[in-house]
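Below is one structure; the comments refer to it alone.
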């Protein structure tokens, strides 16, 4: 079930947020909803993340099949290639 929510903020923030959402092919509602979900999940964790790390969350979207271990291996192999 979805419910309508009205937020009040500066025009410049709204314009920037709309541009951000448009560039990613998402609605502003989706962006806000995902952000609120992410902070709710991370509040439940016992380990606290620094504000800088929290600010970076959600900046990069990776494919669902992304294998970070494989990618790390590729980067390290390239770095130490003879």
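Residue numbers (our numbering): 189 to 270. Here a beta-carbon is modelled for each residue, glycine too, at the ideal position from N, C-alpha and C.
- In this structure, residue 209 and residue 215 form a Cβ contact; the two beta carbons are roughly 6 Å apart against a cut-off of 8 Å.
- In this model, residue 207 and residue 213 are separated by some 10 Å (Cα to Cα).
- Annotation for residue 250: no alpha helix (DSSP H) segment contains it, and DSSP assigns it neither H nor E.
- Inter-residue distance for residue 192 and residue 217 is about 10 Å (C-alpha atoms, whole angstroms).
- Boundaries of the alpha helix (DSSP H) harbouring residue 204: 199-211, taken from the DSSP string.
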